[in-house]
Amino acid sequence: MKFSFNFLCLLTVVSTLAQKISLNNDFYSKYAVTVTYEENEDCVNSMNEYKECFPVMKDLYNSLYNSTNFDSMCDTYLSDKCQKIINGGIEKLNGCDKLSEKVLTINTLANELIDLIFLGLCSRDESSNYCPLSISIENELLNPNYKESANAMINKTCKSKKCTDITIDYFTREIELEKKLKEIEDKMSSTHFKRKYNVEFSNEDNTEQFKKFLEFLNSDRCKSLYSGNYISSGTTNAIKYSNIILIWVGLLMYTLI
């Protein structure tokens, strides 16, 4: 199950967006908000109070190689302070309610993408051990050749109700994000990109596969934990996130043109 490409691309979406537009503030170059001190000093100052909530790629890799730092990163991201801006949006902060609709739209989608990945990466069970979803993501980041079937990860997940609930939330959000992206795609005016999307990027199998995972995770078989009623492991069922990410990046970049 290749979570790593999904993880890496989601976390670089914001940086990619930032490179497309003119930014004067270091934090905004990581967070993709087109606002300067001259334009809205109050909003910039408010956002800078939350910069620890959005570690950049270098920080993430360093944390993954150091378990203490990784724990600290997750604790920070899951703190009440960080969740306030993740769940509430920057428009709730002092001065940020006057940002343009484009900036707020990009920011909201970027928040959802990042929050989805941290939901999986920082997930823990009842004993505060990281969930199988988190372990799969971490292992693939540290070792590109690491492979684990989706079935194996799902079956391990069912041994913990907390991990099961988080993984259900993860795939549910994944499906919802795909819906949002399709809605954005419908509004696009670039015939060329639509043609490329239809030929290269479209992958209907992902949503159906996520739905199958959700069906099992919500089933009595999963709830029975150690009953042995596992998903058949006859096939790998690797999740192909790459197509989804290419669509995400393409659609987000389109909004900046």
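Residue numbers (mature numbering (1 follows the signal peptide of the UniProt record, and there is no 0)): -18 to -1, 1 to 239.
Note that CB positions come from ideal geometry on N, CA and C, so glycine has one too.
Inter-residue distance for Met135 and Pro114 is about 6 Å (C-alpha atoms, whole angstroms). In the structure shown, Tyr112 adopts extended strand secondary structure according to DSSP, grouped into three states.
CA-to-CA, the gap between Asp79 and Asp57 works out to about 28 Å.
Nearest C-alpha to Met29 among Asp97, Ser109, Ser118 and Gly70: Gly70. Counting of Cβ neighbours within 10 angstroms places Leu207 among the exposed residues, the total staying below 16.
Under the DSSP definition of a beta bridge, Arg106 partners with Tyr112.
Each residue's CA atom was taken as its position, placing Glu108 and Phe100 some 18 Å apart. Of the candidates Val85, Ser82 and Cys35, the residue whose Cα lies closest to the Cα of Asp62 is Cys35.
In terms of Cβ geometry, Ile72 and Asn89 form a close pair [threshold 8 Å]. Spatial neighbours of Thr139 in its own chain (CB-CB distance under 6 Å, excluding positions within 5 residues in sequence) are listed in chain order as Pro114, Cys145, Thr146 and Thr149. Residue state for Tyr32 is assigned as coil, using DSSP reduced to three classes. Taking 8 Å as the cut-off, the Cβ atoms of Leu98 and Leu159 count as close.
In this structure, Ile68 and Leu75 do not form a Cβ contact; the two beta carbons are roughly 12 Å apart against a cut-off of 8 Å. Rounded to whole angstroms, Lys141 and Thr189 show a C-alpha spacing of 24 Å. Distance check between Tyr32 and each of Cys64, Ser105, Met55 and Ser54 places Cys64 closest, using alpha-carbon atoms only.
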